[in-house]
Structure formats: C-alpha cells, structure tokens
Amino acid sequence: VVLRPASKGTGVIAGGAVRVIMQLAGIRDILTKSIRSNNPISVANATLDALRRIRNPEDVAKMRGKAKGAL
C-alpha cells in the first residue's frame, strides 16, 4: 500500500479496507494505492504496516544528516 499526502480538501482517495482504516484513524486528506494483493485482509494488514512506518520530517533529516529545511 502506498500512502501519499494530499492537499487540504482532497479527502480520502482509497478503496475498500484502506478507506475504512483511514477514516477510523481520522485521516482526512490522503491518496492511496494498493499494489499486488486484492485480498481485503492482506490490504488491511499492509495499510496498518504502512501507518506504523510513517516518519516525521525531523527523523528523516536526522537519518540523512541534514537540516530539516534542506529536505
């Protein structure tokens, strides 16, 4: 599952299990793409895994050894 930020007002662009999880998580603006599996349980597990792996900009900058503004 690919999760991409969306502009304010876009809404949840997702289908099936991904849409339900995003709405329950309170996420309002996001673009998603399910790749490979169409099995709803596999897609739900992949979505939860993707949400667990989200990093904030400060962590990414620290990993790369750069200032936050340089990203």
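According to my numbering, the sequence shown holds residues 61 to 131 in order.
Glycine included, each C-beta is placed from N, C-alpha and C at the ideal position.
Treat the numbers as computed from the prediction; the structure is a model and nothing was measured.
Worksheet item: Just to confirm, are Asp-89 and Gly-69 a CB contact at a threshold of 8 Å?
Response: As a first step, residue 89 must be located in the sequence shown, where it is residue number 29. As a first step, residue 69 must be located in the sequence shown, where it is residue number 9. Yes, the pair counts as a contact, with Cβ atoms nearer than the cut-off.
Through-space distance from Val-78 to Arg-112, alpha-carbon basis
Stepping through the sequence shown from its first residue, residue 112 is reached at position 52. Stepping through the sequence shown from its first residue, residue 78 is reached at position 18. Using only the alpha carbons, I get a separation of about 14 Å.
Check your understanding: According to the neighbour-count rule (16 or more other Cβ atoms, all chains shown, within 10 Å of its Cβ), is Met-123 buried or exposed?
Key -> Counting from one through the sequence shown, the residue named residue 123 turns up at place 63. By the 10 Å Cβ count, Met-123 comes out exposed.
Note to self: If I follow the unbroken beta strand (DSSP E) through Lys-93, where does it start and stop?
What the structure shows: One-based indexing of the sequence shown puts residue 93 at position 33. That run of the beta strand (DSSP E) goes 90-93.
### Query
Mind checking if Asn-99 is an interface residue toward chain B, Cβ cutoff 8 Å exclusive?
Absence of chain B from the displayed structure is noted, only one protein chain being present.
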